[in-house]
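Inspection log for the structure reproduced underneath, given as structure tokens.
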Amino acid sequence: MTMEQLAEAVGVSKSYIWALENNPEQRVQRTSATVMNNLAKALGLNLLDLMGEAPPDALGENANPEDIVFFRSYMDLAGEDKETYRQMLELFRKQRDK
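Dropping the structure here:
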């Protein structure tokens, strides 16, 4: 598959695919879950194989790929930001359970 074909299948530009290939650590951190999922599908991989990682223990093997991306983003946050997210989640739960 050419870079152009992959870009078309994923729905991004050829230069974006080039950037992912040549600077993956910085670029993947800013890539949406949708693009990562499309990239994995186009390459015939699952998201975790694409990222070269095992699933986080907290999510398990059958986790939704978007949850995995969210969890990884959460893990990169500073402590006070994590606490803010936990508080927000608790507020959402309370609203839902009313």
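Using the working numbering, the first residue of the sequence shown is number 15, and each one after it goes up by one.
We put the beta carbon where it would ideally sit given N, CA and C, even for glycine.
Alpha carbon of residue i to alpha carbon of residue j, nearest angstrom
i      : j      : result
Ala23  : Phe85  : 26 Å
Thr45  : Gln19  : 19 Å
Ile82  : Ala33  : 22 Å
Leu105 : Asp111 : 10 Å
Asp63  : Asn76  : 13 Å
Gly58  : Met89  : 27 Å
Ala54  : Lys96  : 28 Å
Met65  : Gly93  : 25 Å
Gln109 : Ser29  : 43 Å
Asn37  : Leu91  : 22 Å
For residue j and residue i, believed in contact at Cβ under 8 Å, the rounded distance
i      : j     : result
Met50  : Ile31 : So it is not a contact: roughly 13 Å between Cβ atoms.
Gly155 : Asn52 : Nothing about residue 155 can be read from this structure; the chain reaches only from 15 to 112.
Ala47  : Pro79 : 6 Å
In chain order, which continuous runs of the beta strand (DSSP E) of length 3 or greater are located wholly inside the segment 27-105? none
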